[in-house]
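Take a look at the structure below.
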Amino acid sequence: MEVDVQEQLNRRQAGRLLAALALVPGVAGMTRTAWASAPAAAGVNAGPGLPASLLADLDLLRQKRILFLHHSVGDNILEGLRAIEATSAAGARVNIQDVSAAAQGSAGLFEIRGGENGKPHSKIEAFETILSSAATGPFDLALMKLCYVDFDPSTDARALFERYARAVDTVTKARPGLRLVHATTPLTPYPTELKWRVYRMVGKLVWEDEANLKRAKYNELIRATFAGAPILDIAQLESTRPDGGREAFRLRGETFQALYPGFTEDDGHLNRAGQAVVSPAAVQVIAEALRRA
25 MEVDVQEQLN RRQAGRLLAA LALVPGVAGM TRTAWASAPA AAGVNAGPGL
75 PASLLADLDL LRQKRILFLH HSVGDNILEG LRAIEATSAA GARVNIQDVS
125 AAAQGSAGLF EIRGGENGKP HSKIEAFETI LSSAATGPFD LALMKLCYVD
175 FDPSTDARAL FERYARAVDT VTKARPGLRL VHATTPLTPY PTELKWRVYR
225 MVGKLVWEDE ANLKRAKYNE LIRATFAGAP ILDIAQLEST RPDGGREAFR
275 LRGETFQALY PGFTEDDGHL NRAGQAVVSP AAVQVIAEAL RRA
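Each residue of the sequence shown is one higher than the last, beginning at 25 in my numbering.
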């Protein structure tokens with residue numbers, strides 16, 4: 025049996041580090057910091073009423089037919105949308121319903137859970153298929169988002185993006201009047217537990233660092249390729265702290281975005297604070313795209 029000498033050295037080095045760190049007061053029990061929840065975005069959940077611009081955006085959305093392909097983080101965004109609507113004294117309501125109701129011809133935001141989590145190509149294929157078919161009726165705007173679980177250290181971010189770009193081309197040809205909003209993929213927080221710090225010290229791979237790197241590479245391609253088109257930059261929103269700073273990390277000489285821990289309770293899905301940031305931004309981006317159509 026072959027022995028990986030470097031692996032043995034890494035393990036010994038990690039063991040010595042752990043033993044040394046255990047003697048430092050306060051370090052032995054170190055885990056992720058208990059981050060306080062970020063404050064709600066001004067004018068959304070922070071007080072009565074909504075800004076006039078957001079009310080106008082909601083009013084526009086409720087008059088249009090919008091397709092939204094998503095999974096659980098998309099559920100969080102829609103939950104935030106409902107919270108916005110509940111704050112509205114004017115009673116602005118977007119009719120959120122399943123895509124099966126789209127053939128009826130009424131206005132609404134039609135959601136579909138296309139494809140499978142962990143299989144991003146299946147989500148793109150579902151988006152392409154439904155918009156290439158006339159059976160679902162016309163839409164004014166469509167968007168799809170991948171999820172953080174669709175990326176791991178082995179993901180080929182460029183190949184995945186190229187598949188999405190081909191789907192965009194197919195959909196644009198099938199529905200020339202359709203407005204598309206592109207979305208960056210959500211992130212996860214930068215792991216700060218002692219185990220992962222030691223891994224980084226000895227040069228071992230930290231799974232979540234590598235996965236966030238792949239998410240970042242995909243997001244960079246979205247931003248660069250569709251720079252002149254509407255983009256819901258979920259990653260940018262998720263990585264912006266309440267004080268305006270950036271949640272980021274360095275890996276192999278590059279800086280990458282990470283999810284601000286105050287926006288999540290489970291290292292991925294958006295809590296109320298995260299929804300209060302992402303959901304109104306989604307409303308604004310969609311409304312601006314509809315006005316540009």
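Ideal Cβ placement from N, Cα and C applies to all residues, glycine included.
Practice prompt. Would you tell me roughly how many angstroms separate the C-alpha atoms of R117 and E186, rounded to the nearest one?
Written response: Your numbering for residue 117 matches position 93 in the sequence shown. Your numbering for residue 186 matches position 162 in the sequence shown. Those two C-alpha atoms are separated by around 36 Å.
Discussion item. Given this structure, state the Cα-to-Cα distance separating G53 from L283, to the nearest angstrom.
Written reply: The residue given as residue 53 occupies position 29 in the sequence shown. The residue given as residue 283 occupies position 259 in the sequence shown. Note that G53 has pLDDT 34, beneath the 50 cutoff, so the model's placement of it is unreliable and the number below is only indicative. Cα to Cα, G53 sits roughly 24 Å from L283.
Worksheet item: So G13 is in the beta strand (DSSP E); what residue range does that whole segment cover?
Response: Nothing about residue 13 can be reported from this structure: the residues present for the chain run from 25 to 317 only.
Worksheet item: Beta-carbon separation of P213 and T288 under 9 Å?
Response: Residue 213 sits at position 189 when you count from the first residue of the sequence shown. Residue 288 sits at position 264 when you count from the first residue of the sequence shown. A contact, by the Cβ cut-off of 9 Å.
Worksheet item: Would you call the stretch 236 to 243 and the stretch 285 to 305 in contact, with 3 or more CB pairs under 8 Å?
Response: no
Worksheet item: Between the stretch 119 to 130 and the stretch 164 to 182, do at least 3 Cβ pairs fall closer than 8 Å?
Response: no
Worksheet item: Using the C-alpha atoms, what's the distance from R199 back to L82?
Response: As a working note, residue 82 is residue 58 in the sequence shown. As a working note, residue 199 is residue 175 in the sequence shown. So the alpha carbons of these two residues sit roughly 24 Å apart.
Worksheet item: Under 9 Å between the Cβ atoms of L256 and A181?
Response: Along the sequence shown, one-based indexing puts residue 256 at 232. Along the sequence shown, one-based indexing puts residue 181 at 157. No. Outside cutoff.
Discussion item. Using a Cβ-Cβ cutoff of less than 6 Å, which residues in the same chain neighbour G132 once the five nearest sequence positions on both sides are dropped?
Written reply: The residue you call residue 132 lines up with position 108 of the sequence shown. Counting only Cβ-Cβ distances below 6 Å, and skipping sequence neighbours, we find N119 and Q121.
Worksheet item: What span of residues does the alpha helix (DSSP H) with L275 cover, start to end?
Response: Residue 275 sits at position 251 when you count from the first residue of the sequence shown. Premise fails: L275 lies in the beta strand (DSSP E), A272 to L275, not in any alpha helix (DSSP H).
Discussion item. Less than 9 Å between CB atoms is the rule here; does I148 satisfy it with respect to chain D?
Written reply: Note that chain D does not occur in the displayed structure, where there is just one protein chain.
Item to complete: Starting from D164, follow the beta strand (DSSP E) in both directions and report where the run begins and ends.
Response: Translated into positions along the sequence shown, residue 164 becomes position 140. D164 -> no beta strand (DSSP E), and no H or E assigned at all.
Worksheet item: What does DSSP give as the partner residues of T209 in its beta bridges?
Response: Here residue 209 is taken as the residue at index 185 of the sequence shown, counted from 1. Looking at the DSSP assignment, T209 forms no beta bridge with any residue, so it has no partner.
Worksheet item: Is N69 helix, strand or coil by DSSP?
Response: Counted from its first residue, the sequence shown places residue 69 at position 45. In this predicted model, N69 has a pLDDT of only 42, less than 50, meaning its place in the structure is not dependable enough to derive any value.
Worksheet item: Hey, out of L261, A80, L93 and L275, whose CA is closest to R221's CA?
Response: Position 197 of the sequence shown, counted from the first residue, corresponds to residue 221. Answer by Cα proximity: L275.
Item to complete: Could you check the C-alpha separation between E271 and L229 for me, to the nearest Å?
Response: Position 247 of the sequence shown, counted from the start, is the residue given in the question as residue 271. Position 205 of the sequence shown, counted from the start, is the residue given in the question as residue 229. Cα to Cα, E271 sits roughly 20 Å from L229.
Worksheet entry | Three CB pairs or more closer than 8 Å across the stretch 97 to 112 and the stretch 299 to 313 | yes
Worksheet item: Closest to H145 by CA distance: which of R315, R137, L184 and A158 is it?
Response: Counting from one through the sequence shown, the residue named residue 145 turns up at place 121. Minimum Cα distance to H145 is reached at L184.
Discussion item. Quick check on L47: buried or exposed, where buried means 16 or more other Cβ atoms within 10 Å of its Cβ?
Written reply: Counting from 1 along the sequence shown, the entry for residue 47 is found at position 23. Note on L47: pLDDT 47, under 50, position unreliable in the model; no value is reported.
Practice prompt. Quick one: using the 10 Å Cβ neighbour count with 16 as the cut-off for buried, is P21 buried or exposed?
Written response: For the chain, the structure presents residues 25 to 317; residue 21 sits outside this window and is missing.
Worksheet item: Residue range of the alpha helix (DSSP H) that E312 falls in?
Response: In the sequence shown, residue 312 corresponds to position 288, counting from 1. Segment R296 to R316, the alpha helix (DSSP H) holding E312.
Worksheet item: What is the rounded straight-line gap between the Cα of K197 and the Cα of F151?
Response: Residue numbering aside, residue 197 sits at position 173 when the sequence shown is read from its first letter. Residue numbering aside, residue 151 sits at position 127 when the sequence shown is read from its first letter. Taking the straight line joining both Cα atoms gives about 14 Å.
Item to complete: Go through its chain and collect everything with a Cβ distance to V192's Cβ below 7 Å, but skip five positions before and after it.
Response: Indexing the sequence shown from 1 puts residue 192 at position 168. Within the same chain, V192 has close Cβ partners L204.
Item to complete: Following the continuous alpha helix (DSSP H) through F151, name the residue where it begins and the one where it ends.
Response: Position 127 of the sequence shown, counting from 1, holds the residue named residue 151. From DSSP, the alpha helix (DSSP H) with F151 extends over P144 to S156.
Discussion item. Here's the rule: buried if 16 or more other CB atoms are within 10 angstroms of the residue's CB, otherwise exposed. What is A60?
Written reply: By one-based count along the sequence shown, residue 60 stands at place 36. Low confidence applies to A60: its pLDDT is 32, below 50, so where it sits in the model is not reliable enough to give any reading.
Item to complete: For D122, name the three-state secondary structure that DSSP assigns.
Response: Counting from 1 along the sequence shown, the entry for residue 122 is found at position 98. It is a strand residue.
Worksheet item: Residues in its own chain within less than 7 Å of A65 by CB, not counting five upstream and five downstream?
Response: Within the sequence shown, residue 65 is the residue found at index 41, counting from 1. At A65, the pLDDT of 40 sits below 50, so the modelled position is not reliable and the matter cannot be decided from this model.
Worksheet item: Rounded to a whole number of angstroms, what is the C-alpha to C-alpha distance between A80 and Q87?
Response: For the purposes of this step, residue 80 is taken as residue 56 along the sequence shown, with counting starting at 1. For the purposes of this step, residue 87 is taken as residue 63 along the sequence shown, with counting starting at 1. Roughly 11 Å between the two C-alpha positions.
Discussion item. Let's test the definition: count the other Cβ atoms within 10 Å of the Cβ of R89 and tell me whether it reaches 16, buried, or not, exposed.
Written reply: The residue labelled residue 89 in the question sits at position 65 within the sequence shown. Per the 10 Å Cβ criterion, buried.
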